[in-house]
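In the working numbering, the protein residues as written are 176 to 459.
Virtual Cβ for every residue (Gly too), placed ideally from N, Cα, C.
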């Protein structure tokens, strides 16, 4: 039986994108706060869905729900599923990680390498049905190469260690109203330092023609390819990307990929359109 009305959710740390889809067409789209079972209890997720998701859909109940989210590791999936079913008493509720969202969106039923480049980074090798290989991203302290957090860290390090021109350094500090002390406070003492560092990356794209800035971006992408992607079967698979960093830095990303003999496939800012397309042909 093909279910004609499904709800797809793509959740990150800060927001969740919800799409009600009927016969392959988005009929209602809205955003709520990010949902992460790593940082929220089942009760907190239940409350969020009950207050902000269910009221949007109570007049047009979906027949199946597919939720993709950061932090949806195997041991946390049941918490998210139970929280959803407390408001939506339907049988078909499936919960996947954001990495599976990238694979479903970018690769579908074909093999390929799916990558996320946003505030953080992640990647996997996909055989058309499941993840067959994954290099751990390790977070922005030990890894997350190619991400906004990683690029922000490289940028701030170059600013504070006087590796940029005086003009470029002063321009950066003035644009974000920062001092070395404020930077140290945000990185070492306040929560979510990777978000703070990622918030500084617009400076990179605005000044990408400056050699020192271009080298920061190229180094971050080179590290991502060499420490992650090149551990997969990249010579026989296209490498696809989703995320804001991949989208806005697409030209440099393609340049670095070519230098490493990597074939780039799709580059999408969000996985949602690809997920809608993925479910068009599924018998649910």
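query: Take residue 336 and list the residues in its own chain whose beta-carbon comes closer than 7 Å to its own, dropping the five residues that flank it on each side.; result: none
query: Please classify residue 273 as buried or exposed, where buried requires at least 16 other C-beta atoms within 10 Å of its C-beta.; result: buried
query: Taking the alpha-carbon of residue 222 as reference, which of 444, 262, 239 has the nearest alpha-carbon?; result: 262
query: Determine the direct distance from the alpha carbon of residue 236 to that of residue 288, and round the result to whole angstroms.; result: 35 Å
query: What residue range is occupied by the uninterrupted beta strand (DSSP E) comprising residue 254?; result: No beta strand (DSSP E) holds residue 254; the alpha helix (DSSP H) holding it covers 252–262.
query: Have a look at residue 225 and residue 211 and give me their C-alpha separation to the nearest angstrom.; result: 16 Å
query: Output the boundary residues of the beta strand (DSSP E) element that contains residue 292.; result: 287–292
query: In this structure, how does DSSP classify residue 378 when only helix, strand and coil are distinguished?; result: helix
query: Within the same chain, show all residues whose beta-carbon is closer than 7 Å to that of residue 276, passing over the 5 residues directly before and after it, in chain order.; result: 185, 243, 446, 450
query: Which first and last residues belong to the beta strand (DSSP E) in which residue 416 is found?; result: 414–417
query: Please determine if the stretch 319–326 and the stretch 292–305 are in contact, where contact requires at least 3 C-beta pairs separated by less than 8 Å.; result: yes
query: Can you tell me the Cβ-Cβ gap for residue 327 and residue 397, rounded? I've got them flagged as a contact below 8 Å.; result: Rounded, the Cβ-Cβ distance is 17 Å, inconsistent with contact.
query: If you check the beta carbons only, do residue 357 and residue 331 fall under 8 Å apart?; result: no
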